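Visitor:
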Amino acid sequence: MPSPTFIPKPLVDQAFEWLEEAIIKGTYAPGTKLDEVALARAFNISRGPVREAIRRLEGKQLVERVPNIGARVASFAPDAIFDLLEVREGLEGIAARLATQRMSKEAIAGLDALLDRHAEQGEVQAGESYFQRSGDHDFHFRIIQGSGNAKLISMLCDDLYSLLRVYRYRSGLRPGQAPKSLQEHRSVVEAMKAGDADRAEHLMREHLRQARARLREEFEEDARKSA
């Protein structure tokens with residue numbers, strides 16, 4: 001039997017993932033200028049893949065271009081952020097309801113397995129943070145895909161996905177919050193396994209409502225510190 005062939009990701013994809021994670025985790029804070037030369041040197045690649053990765057991040061609303069400055073990590077007014085998070089609560093609540101009705105038992109069992117892998121993360125066990133890799137590694141992404149609603153999927157997995165991940169990550173940084181968030185995910189899955197679409201929607205909405213409240217408290221605390 002021939003050995004399996006592993007095809008490495010193109011450099012532009014790797015650069016995109018590196019930069020996206022750095023922005024989500026706050027390594028590059030809002031307003032930080034993205035220097036192509038410095039980034040290419042840091043990643044040990046040419047400028048071409050870095051330039052294309054930055055262009056993609058601009059399309060994901062994580063990067064903005066400013067005259068006479070260039071590309072920098074996007075900044076958003078708090079009101080705009082919380083408007084977005086309110087919309088997210090409603091849409092993902094609907095997604096959880098539809099996913100309960102439309103996902104197979106095997107697919108829902110796959111959510112349990114995914115959360116088991118999340119529980120193995122050292123940062124989660126220590127209560128420090130809860131970082132989910134993008135796509136199928138992401139609990140919320142799986143739920144949205146499982147809704148089977150093309151419009152929801154387009155809005156939450158394409159248009160707003162990367163931007164929402166920034167604030168999702170930040171809301172889980174409070175000490176001890178990571179295992180609580182994981183348990184909230186498990187509660188949603190339990191409702192889905194029971195076929196209780198009403199409860200799955202309610203639990204998802206409550207999960208996101210609490211995350212939004214934590215983030216608001218952090219913003220208010222930051223404002224007090226800088227006053």
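Numbering (the UniProt record's numbering), first residue to last: 1 to 227. Idealized CB from N, CA, C, for every residue including glycine. Quick caveat: nothing in here was measured; it's all calculated off a predicted structure.
1) Using CA coordinates, which residue listed in G26, S147, S171 and A96 is at the minimum distance from M204?
2) For A71, which of helix, strand or coil comes out of DSSP?
3) Looking only at DSSP bridge pairs, what is V63 linked to?
4) Are L85 and I23 close, meaning C-beta to C-beta below 7 Å?
5) Could you check where the alpha helix (DSSP H) with H202 kicks off and where it finishes?
6) Output yes or no for whether 7 Å exceeds the beta carbon distance between A74 and E64.
7) For E123 and A178, which I take to be in contact (beta-carbon distance under 8 Å), what is that distance rounded to the nearest angstrom?
8) Roughly how many whole angstroms lie between the Cα atoms of K33 and H140?
9) Name the one or two DSSP bridge partners that K33 has.
10) Could you tell me how far apart the beta carbons of H185 and L115 are, in whole angstroms, since I believe they sit closer than 8 Å?
11) T100: buried (16+ other C-beta within 10 angstroms of its C-beta) or exposed?
Guide: In terms of the structure at hand:
1) A96
2) Of the three classes helix, strand and coil, the one that applies to A71 here is strand, per DSSP.
3) V73
4) Their beta carbons are not under 7 Å apart, which means L85 does not touch I23 by this criterion.
5) A197 to S226
6) Cβ distance < 7 Å, so A74 and E64 count as in contact.
7) 7 Å
8) 30 Å
9) R72
10) 6 Å
11) Looking at its Cβ environment, which holds 16 or more other Cβ atoms inside 10 Å, T100 is buried.
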